[in-house]
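These notes are about the structure you will find just below.
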Amino acid sequence: MADPSTTLARQIRKEAARLGFAAVGFSSPVPQPVAMQHYTAMLRDGRHGEMGYMEKQMEERADPSLLFAGLHTIISAAISYNYPINYGDGLPKISKYALIDDYHTVVRAKLEELLAAIKILVGEPLNARITVDSSPLLEKTWAEEAGIGKTGKNTLLKVPSAGSYLFLGEILVEREIVSTKLALPNYCGSCSNCLERCPTGALLEPGKIDASKCISYLTVELKRDFTAEEAAMIGEWLFGCDLCQEVCPYNCQASITKNESFVVLQNLIGITTERILNLTKSGFRELFYGTPVFRIGLRRLKRNARAVADNLKKAGLATTV
Ligand code: SF4
Ligand code: SF4
15 MADPSTTLAR QIRKEAARLG FAAVGFSSPV PQPVAMQHYT AMLRDGRHGE MGYMEKQMEE
75 RADPSLLFAG LHTIISAAIS YNYPINYGDG LPKISKYALI DDYHTVVRAK LEELLAAIKI
135 LVGEPLNARI TVDSSPLLEK TWAEEAGIGK TGKNTLLKVP SAGSYLFLGE ILVEREIVST
195 KLALPNYCGS CSNCLERCPT GALLEPGKID ASKCISYLTV ELKRDFTAEE AAMIGEWLFG
255 CDLCQEVCPY NCQASITKNE SFVVLQNLIG ITTERILNLT KSGFRELFYG TPVFRIGLRR
315 LKRNARAVAD NLKKAGLATT V
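Sequential numbering from 15 applies to the sequence shown in this note's numbering.
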């Protein structure tokens, strides 16, 4: 017979699967001292680069109950954006997650649908808050705590059968939701592909990243101009970097997303640096509005394109319009 205390969790999981989520899980907002120690060590070492926002709201990060009066459950939800892609040799690359509509919009809309379904299941008023990168949550920690995945040596969360090409979002709710959790294994074992393949040495050791050396940080988060060393580090990546996911065996086996909200913008695959360097503001808007690339603006995209053009030229792989 079904355990009545976990019935709501099972019903929510069923709704989440219907909506296209790869996984959903539940955790209580209890302090996570080990995760906070790792987080503060990263700040202390300066491994967060110039992402000053990571130093803010530390109390809320340590104790999510401060975010939401009456918070009883953090619902962690993951959506896969794993789809096949062929960039073509020697062409500039945009990370997979940025070749589709901005996940902030898509995941929030999906979480709104899930919350509406939860309210119907609960059958009474429910205080809740949706967050997609909009709250100081240690979201991988909460996803692990909820039992939906494990963080690998590349510091990314992996969900069984879905891999690591995932967007995470949370619904914070005032109601306690009891659930059974799977004891997930450590997926990495003796593999170290990601550490060996990272071209900048950003993965210092298993599970430890120096974001200031990571191409994703340099091309997406860093606001100022590059130093010569940073420009060389980004290689052919115009925006983001997927190398430590591309080499992960769990992504080779992961199912392709069935989420129809993500439509791949084919015209951005293999876009040349010349095209970007010649873009006007309106051309930039036309090509990138609604994608994550739009968030960094044309100035920074051109900064990236200049560096990529130089890197491809030095490698004898200059692109043409
Ligand atoms: S995203 Fe790229 S640069 Fe960053 S850790 Fe992974 S492989 Fe290294
Ligand atoms: S590449 Fe290997 S070591 Fe790295 S996250 Fe994937 S399984 Fe783990």
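Glycine is no exception: its CB is placed at the ideal position from the N, C-alpha and C atoms. These numbers were taken from a predicted model, which means no experiment stands behind them.
Is residue j closer than 8 Å to residue i when the C-beta atoms are compared?
| i | j | result |
| --- | --- | --- |
| F35 | A92 | yes |
| N325 | N96 | no |
| L257 | M247 | no |
| G254 | Y67 | no |
| C228 | T241 | no |
| P106 | V322 | yes |
| F276 | D147 | no |
| S226 | G63 | yes |
| D239 | R299 | no |
| T20 | S206 | no |
| Y179 | Q259 | yes |
State the Cα-Cα distance for the pair residue i and residue j, rounded to the nearest angstrom.
| i | j | result |
| --- | --- | --- |
| L113 | A268 | 19 Å |
| L198 | K164 | 7 Å |
| A45 | L236 | According to the sequence displayed, residue 45 carries Pro and not Ala. Cα to Cα, the separation comes out at about 31 Å. |
| I310 | L218 | 27 Å |
| L301 | R314 | 15 Å |
| K272 | S42 | 30 Å |
| A329 | L196 | 47 Å |
| T155 | L282 | 33 Å |
| R75 | P150 | 5 Å |
| V261 | G102 | 17 Å |
| D59 | M65 | 13 Å |
| R320 | K172 | 34 Å |
| G297 | V278 | 19 Å |
| P98 | P78 | 36 Å |
| E159 | H52 | 16 Å |
| R211 | V48 | 28 Å |
| E127 | S94 | 17 Å |
| M50 | P18 | 34 Å |
| P263 | L209 | 13 Å |
| Q71 | N100 | 40 Å |
| A123 | K295 | 28 Å |
| V335 | S204 | In this prediction, V335 scores a pLDDT of 43, lower than 50, which makes its location untrustworthy; the coordinate-derived value is nonetheless stated afterwards. Between V335 and S204, the C-alpha separation is close to 43 Å. |
| K133 | T145 | 17 Å |
| S230 | A216 | 10 Å |
| L125 | E243 | 41 Å |
| V234 | E73 | 26 Å |
Shortest alpha-carbon distance to residue i belongs to which of the options?
| i | options | result |
| --- | --- | --- |
| I108 | P263, D324, A332, I290 | I290 |
| A131 | T241, T233, L282, R32 | R32 |
| I28 | M247, L135, I144, L301 | According to the sequence shown, residue 28 is Lys rather than Ile. Residue L135 is the option with its Cα nearest to K28. |
| M56 | T169, E138, D147 | T169 |
| N292 | I191, L312, L331, D115 | L312 |
| G304 | S175, T119, V146, I144 | T119 |
| E288 | S206, L252, V48 | L252 |
| G84 | A319, V121, R143 | R143 |
| E69 | P78, Q259, G221, T54 | T54 |
| E274 | Y117, P18, S79 | Y117 |
| V38 | A49, F181, D77 | F181 |
| G249 | A160, L331, G297, L279 | L331 |
| G221 | A30, I26, R61, Q25 | R61 |
| P174 | I270, H86, E244 | I270 |
| K327 | P78, L125, A245, P263 | A245 |
| G137 | G297, P263, K295, Q25 | Q25 |
| A157 | S79, T87, R122 | T87 |
| V121 | I162, A30, E73, D17 | A30 |
| G161 | L125, N200, K124, E126 | N200 |
Am I right that residue i and residue j are in contact with their C-beta atoms under 8 Å? What's the rounded C-beta distance?
| i | j | result |
| --- | --- | --- |
| L152 | L81 | Contact doesn't hold; Cβ gap of about 12 Å is too wide. |
| E184 | I89 | 6 Å |
| C202 | G177 | Rounded, the Cβ-Cβ distance is 13 Å, inconsistent with contact. |
| R189 | L140 | 6 Å |
| I191 | A23 | 5 Å |
Those runs of the alpha helix (DSSP H) which lie wholly inside the region 199 to 223 and span at least 4 residues = Counting only runs that start and end inside the region 199 to 223, the alpha helix (DSSP H) elements of at least 4 residues fall at 207 to 211.
ask   = Hey, which unbroken runs of the alpha helix (DSSP H) at 4 residues or more fall wholly within the region 247 to 326?
value = Runs of the alpha helix (DSSP H) inside the region 247 to 326: 257 to 260, 263 to 267, 287 to 291, 295 to 302.
query = Counting only runs that start and end within the region 48 to 76, where is the alpha helix (DSSP H) found for 4 or more residues in a row?
reply = Those alpha helix (DSSP H) runs which fall completely within the region 48 to 76 and span 4+ residues are 72 to 76.
inquiry  = Give the list of continuous beta strand (DSSP E) stretches no shorter than 3 residues that lie fully inside the region 110 to 135.
reply    = If you keep only unbroken beta strand (DSSP E) runs of at least 3 residues inside the region 110 to 135, you get nothing at all.
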